[in-house]
Amino acid sequence: MKKLLAASLLALSASVAGNAFAEPIKIGMITTLSGGGAGLGIDARDGFMLAIEQAGNKEIEVITEDDARKPELAVQIADKMIQSDKVDLMTGIIWSNLAMAVVPSATAQDVIYLSVNAGPSALAGAGCSPNYFNVAYQNDNFHEAMGEAANKDFKKTFIMAPNYPAGKDSLTGFKRFYKGELAGEVYTKLGQTDYAAEIAQIRASGADSVFIFLPGGMGVAFTKQYAQSGVDVPLMGPAFSFSQDVLPAIGDAALGVKNAASWAYDLDNEANKTFVEGFKEAYGRLPSVYAAQAYDTANLILSAAEKASVKDKEAFRAALKEADFDSVRGKFSFNTNNHPIQDFYVREVVKDGDTLTNKIVATAFTDHKDAYAAECKM
């Protein structure tokens, strides 16, 4: 496993030992392994490769490269993977602005792309494609779930997200289900680390709650600064802002924060138990939602490969659409726009021994579909 991960980091091919299917499958994984947000990409890569390793399939080759969270670099890597490496499938992108730069071109070249995370609304609605499968969510979904959950306790919420596609989808999703008043709506700079001005706005707003979507280092910086500010207004968000990969960096400032997700490590099903224990054994840490989604993505590919040749695009797409695999999320199926139909939960940041993690405290939605499927003409 260590050699395999080292090869991934060096953007080399990783061939995994085990039982062969009828033919090789070459997968191009573009993800963020350096710079801001690297923890998200590392978790996605590790979750994906764990599933391949557990399956023991020597015919699957994964080529992994680092996009450094730069759209122009992601496009260059994608072109190389498609034109030179001749990949059959692509996956791995974390950030929605990178997905919008890469996915439409890849799918137009008849390459099947499976998203482990980014789910921009443009690709769920009118921009959907038979070659695009989102195995994670549509960007609005976690935020919709938190908006629905917030109705129980709050009447005046201050909402904030970065100014990029996923940030806009985030606040749109929250507002779609939240019935209370908005105390403020702010878009911050992507990658921002100083939130003194925004915290002052929250203090003056009269809000009874704060909803943030600030993934990766942005969430770490804000939550620590918010805790130090003395503003005594409950904080909530999607899982991205309080995921397992960032909780150690946030520390106890995150305790008690509610957040929404389609997965938590304590979901009680056999696939999830196998995943969590396997991830802890392989990497020495608890998995995040990014790792869980990527693990499911790899297992979806494996399930399709048992039924159809990747060279027969129509048959392989049909096999993917069946979603005939054991998801760590339990129930999982695809809607007409190739986006998930799934349950969403409210989680709370707690301490399990000395480890900060999330545990499920409520169900926000059952069999939830995204808001854009009707716009997809597939």
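Using mature numbering (1 follows the signal peptide of the UniProt record, and there is no 0), the letters of the sequence shown map in sequence onto residues -22 to -1, 1 to 356.
Ideal placement from N, C-alpha and C gives every residue a C-beta, glycine not left out.
Euclidean distance between Cα positions of residue i and residue j
i: residue 356; j: residue 107; result: 7 Å
i: residue 338; j: residue 325; result: 4 Å
i: residue 224; j: residue 215; result: 14 Å
i: residue 190; j: residue 23; result: 26 Å
i: residue 120; j: residue 146; result: 13 Å
i: residue 135; j: residue 185; result: 5 Å
i: residue 105; j: residue 354; result: 7 Å
i: residue -4; j: residue 249; result: No answer about residue -4 holds up, because its pLDDT of 38 lies below 50 and its placement is not dependable.
Of the residues the options, the one placed nearest residue i, counting alpha carbons only
i: residue 232; options: 10, 182, 333 and 184; result: 333
i: residue 240; options: 80, 319, 76 and 55; result: 319
i: residue 38; options: 45, 248 and 28; result: 28
i: residue 203; options: 160, 298, 164 and 176; result: 176
i: residue 149; options: 109, 170, 352 and 126; result: 126
i: residue 56; options: 282, 274, 6 and 101; result: 6
i: residue 54; options: 8, 255, 309 and 166; result: 8
Residue i in three-state terms, based on DSSP
i: residue -2; result: With a pLDDT of only 44 at residue -2, under 50, the local geometry of the prediction cannot be trusted, and no value is derived from it.
i: residue 348; result: coil
i: residue 109; result: coil
i: residue 245; result: coil
i: residue 91; result: strand
i: residue 168; result: coil
i: residue 134; result: strand
i: residue 233; result: coil
i: residue 139; result: strand
i: residue -19; result: With a pLDDT of 45 at residue -19, under the threshold of 50, the modelled position of that residue is not reliable, and the figure given next carries that caveat. The answer is helix: DSSP assigns residue -19 an H, G or I state.
Residue i, buried or exposed, once every other Cβ within 10 Å from all chains shown has been counted against 16
i: residue 154; result: exposed
i: residue 344; result: exposed
i: residue 363; result: In the structure as shown, the chain starts at -22 and stops at 356, and residue 363 therefore has no counterpart that could be examined.
i: residue 292; result: exposed
i: residue 271; result: buried
i: residue 171; result: exposed
i: residue 302; result: exposed
i: residue 141; result: exposed
i: residue 97; result: buried
Those residues which DSSP pairs with residue i across a bridge
i: residue 312; result: 318
i: residue 338; result: 325
i: residue 44; result: 9
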